[in-house]
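The next block holds one structure in the form of C-alpha coordinates; read it before the comments.
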(Lines of atoms letter the chains of each structure in order from A and count residues from 1; the text may use other names and numbers.)
(Lines give C-alpha, C1' and ligand atoms only; values in the text may rest on other atoms or scores of the structure.)
Protein backbone atom coordinates (compact mmCIF):
# COMPACT_ATOMS: atom_id res chain seq x y z
CA UNK A 1 0.00 0.00 0.00
CA UNK A 2 2.85 2.34 0.83
CA UNK A 3 4.39 1.72 -2.59
CA UNK A 4 1.07 2.41 -4.35
CA UNK A 5 0.73 5.67 -2.44
CA UNK A 6 4.29 6.76 -3.08
CA UNK A 7 4.81 5.64 -6.69
CA UNK A 8 1.53 4.43 -8.14
CA UNK A 9 -0.91 5.95 -10.55
CA UNK A 10 -3.72 3.70 -9.29
CA UNK A 11 -4.57 0.86 -6.93
CA UNK A 12 -6.44 -2.24 -8.14
CA UNK A 13 -7.00 -5.04 -5.63
CA UNK A 14 -8.70 -8.29 -6.62
CA UNK A 15 -11.70 -10.01 -5.09
CA UNK A 16 -12.22 -7.88 -1.98
CA UNK A 17 -15.54 -7.44 -0.23
CA UNK A 18 -16.84 -3.87 -0.10
CA UNK A 19 -15.97 -3.83 3.61
CA UNK A 20 -12.39 -4.98 3.00
CA UNK A 21 -12.02 -2.49 0.16
CA UNK A 22 -13.26 0.30 2.43
CA UNK A 23 -10.51 -0.59 4.93
CA UNK A 24 -7.96 -0.70 2.13
CA UNK A 25 -9.03 2.71 0.85
CA UNK A 26 -8.69 4.14 4.36
CA UNK A 27 -5.15 2.77 4.59
CA UNK A 28 -4.34 4.07 1.10
CA UNK A 29 -5.56 7.54 2.07
CA UNK A 30 -3.36 7.53 5.18
CA UNK A 31 -0.36 6.54 3.09
CA UNK A 32 -1.20 9.14 0.43
CA UNK A 33 -1.40 11.85 3.06
CA UNK A 34 1.97 10.78 4.47
CA UNK A 35 3.45 11.07 0.96
CA UNK A 36 1.83 14.44 0.26
CA UNK A 37 -0.40 13.02 -2.48
CA UNK A 38 -4.16 13.08 -3.03
CA UNK A 39 -6.86 10.52 -3.85
CA UNK A 40 -7.11 11.99 -7.34
CA UNK A 41 -3.50 11.02 -8.05
CA UNK A 42 -4.10 7.35 -7.19
CA UNK A 43 -7.63 6.35 -8.21
CA UNK A 44 -9.01 3.03 -7.00
CA UNK A 45 -10.27 0.37 -9.36
CA UNK A 46 -11.22 -3.21 -8.54
CA UNK A 47 -11.31 -6.39 -10.60
CA UNK A 48 -14.19 -8.76 -9.87
CA UNK A 49 -15.55 -11.99 -11.32
CA UNK A 50 -19.08 -12.81 -12.35
CA UNK A 51 -19.27 -15.85 -10.11
CA UNK A 52 -20.63 -16.92 -6.76
CA UNK A 53 -18.55 -15.70 -3.83
CA UNK A 54 -16.47 -18.27 -1.99
CA UNK A 55 -15.11 -18.17 1.56
CA UNK A 56 -11.68 -17.29 0.12
CA UNK A 57 -12.71 -14.77 -2.54
CA UNK A 58 -15.54 -12.31 -2.93
CA UNK A 59 -17.20 -12.11 -6.37
CA UNK A 60 -19.86 -9.90 -7.91
CA UNK A 61 -22.33 -12.77 -8.17
CA UNK A 62 -24.19 -14.25 -11.11
CA UNK A 63 -27.68 -12.78 -10.83
CA UNK A 64 -28.25 -9.22 -12.10
CA UNK A 65 -29.73 -7.97 -8.80
CA UNK A 66 -26.73 -9.26 -6.84
CA UNK A 67 -24.26 -7.81 -9.33
CA UNK A 68 -26.05 -4.44 -9.23
CA UNK A 69 -26.04 -4.43 -5.42
CA UNK A 70 -22.31 -5.19 -5.25
CA UNK A 71 -21.33 -2.80 -8.06
CA UNK A 72 -23.32 -0.03 -6.36
CA UNK A 73 -21.53 -0.72 -3.06
CA UNK A 74 -18.16 -0.32 -4.79
CA UNK A 75 -19.28 2.89 -6.52
CA UNK A 76 -20.34 4.36 -3.17
CA UNK A 77 -16.80 3.77 -1.91
CA UNK A 78 -15.44 5.90 -4.74
CA UNK A 79 -14.17 3.14 -7.01
CA UNK A 80 -13.28 4.79 -10.32
CA UNK A 81 -13.30 1.62 -12.44
CA UNK A 82 -14.87 -1.81 -11.97
CA UNK A 83 -13.19 -4.44 -14.16
CA UNK A 84 -15.54 -7.38 -14.69
CA UNK A 85 -14.37 -10.87 -15.67
CA UNK A 86 -16.82 -13.43 -17.00
CA UNK A 87 -14.81 -16.16 -15.24
CA UNK A 88 -15.07 -18.66 -18.08
CA UNK A 89 -12.85 -19.91 -20.87
CA UNK A 90 -15.85 -20.44 -23.16
CA UNK A 91 -16.20 -17.48 -25.56
CA UNK A 92 -19.97 -17.97 -25.94
CA UNK A 93 -20.48 -17.97 -22.16
CA UNK A 94 -18.26 -14.90 -21.78
CA UNK A 95 -20.19 -13.07 -24.50
CA UNK A 96 -23.54 -13.97 -22.90
CA UNK A 97 -22.32 -12.79 -19.50
CA UNK A 98 -21.07 -9.47 -20.87
CA UNK A 99 -24.32 -8.99 -22.81
CA UNK A 100 -26.27 -9.52 -19.58
CA UNK A 101 -24.08 -6.92 -17.86
CA UNK A 102 -24.65 -4.45 -20.72
CA UNK A 103 -28.39 -5.12 -20.86
CA UNK A 104 -29.28 -5.34 -17.15
CA UNK A 105 -26.45 -4.09 -14.93
CA UNK A 106 -25.09 -0.99 -16.66
CA UNK A 107 -28.48 0.74 -17.03
CA UNK A 108 -29.12 0.22 -13.31
CA UNK A 109 -25.72 1.47 -12.16
CA UNK A 110 -25.08 4.33 -14.56
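In this note's numbering, the protein residues as written are 8 to 117.
For every residue, glycine included, the Cβ atom is placed at its ideal position computed from N, Cα and C.
query, result
"Three-way DSSP call (helix, strand, coil) for residue 90 in this model", "strand"
"Residue 10 versus residue 84: straight-line alpha-carbon distance, rounded", "21 Å"
"With 16 other Cβ atoms within 10 Å as the buried cut-off, status of residue 90", "exposed"
"Buried versus exposed call for residue 37 [16 or more other C-beta atoms within 10 Å across all chains shown]", "exposed"
"Run of the alpha helix (DSSP H) containing residue 105, from where it starts to where it stops", "98-107"
"Environment of residue 56 [buried if 16+ CB atoms lie within 10 Å]", "buried"
"Alpha carbon of residue 50 to alpha carbon of residue 109, nearest angstrom", "24 Å"
"Nearest-angstrom Cα separation, counted from residue 81 out to residue 52", "9 Å"
"Same chain, Cβ closer than 7 Å to residue 39, five either side skipped, listed in chain order", "12, 45, 46, 49"
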